[in-house]
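Since the structure comes first, as structure tokens, the remarks are kept for the end.
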Amino acid sequence: MRVSALIAFSASCLGITASASPSFKPFSPKPNCPPQSANPWQQRAILADFVQAFYVERNATKAILNHIAEDYIQHNPGALSGRQNALDALAPSLSVPGVNLTVLRQGFENNLAFIHSRLDMDGVPQPSAIVDIFRFNGTCIVEHWDVVQARDPNSINPLALF
């Protein structure tokens, strides 16, 4: 009796540990949109998949089709809302040679994710700092804000952007 109770308790602990693990990825590889219910650990795993596809693999098509809602809201004044508009704008720009995005920091809390990255481009003497903020609805990215800053050559602050 004690052995069966111990086995049941151990199995339940393993189930709790698996569901709380940040590496738990129950939704891959199918698309995450339309949104499904997700806990914060699942959302962090989905964010990691998005970062890998978009920033590391530089595969905007994969990242956008798997993680961005069709009615995606875009707050950048130079871009239009909608998944197809994001795909049309970003897929060609990520494949340009001489453009390098390096993720420096990322975080996730309360359905909001941030990515702080460095953008280096051939022929541009100074890198730019970028902060992207994404709002999740369950498994799906539904909204985006960004700030891009290049270092002014006449800057009075000697500290680097990074």
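What the sequence shown shows, in mature numbering (1 follows the signal peptide of the UniProt record, and there is no 0), is residues -19 to -1, 1 to 143, in sequence order. Note that CB positions come from ideal geometry on N, CA and C, so glycine has one too.
Taking the CA atoms as reference points, Y53 sits about 14 Å from A70.
Apart from sequence neighbours up to five positions away, the residues of its chain that approach N13 with a beta-carbon distance below 7 Å are I27, N47, H48, T120 and C121, ordered along the chain. Under DSSP, R99 forms a beta bridge with T83 and A110. Within 10 angstroms of the beta-carbon of V37 lie fewer than 16 other beta-carbons, which makes it exposed. Using a Cβ-Cβ distance cut-off of 8 Å, the segment 63 to 81 and the segment 132 to 141 are not in contact, since fewer than three pairs of beta carbons, one from each stretch, lie closer than that value. In the structure shown, the three-state DSSP call for N91 is coil. Setting aside the 5 residues that flank it on each side, V32 is surrounded in the same chain by V84, Q87 and I96, each with a C-beta closer than 8 Å to its C-beta; the list follows chain order.
A straight-line Cα-Cα distance of about 21 Å links N135 and D103.
DSSP, reduced to helix, strand and coil, places I137 outside both helices and strands of the structure shown, so it counts as coil.
In this structure A94 touches F115 by the C-beta definition: roughly 5 Å separates them, less than 8 Å. DSSP places Q55 in the uninterrupted beta strand (DSSP E) bounded by I49 to Q55.
Between the alpha carbons of F117 and N40 lies a distance of about 20 Å. In this structure, the straight-line span from the alpha carbon of E90 to that of W22 is close to 10 Å. If you look at V32, you'll find it in the alpha helix (DSSP H) that goes P21 to V32. Looking from the CA of Q17, the closest CA among A50, D101, T42 and Q107 belongs to A50. Assignment of F35 by DSSP, reduced to helix, strand and coil, places it in the helix class.
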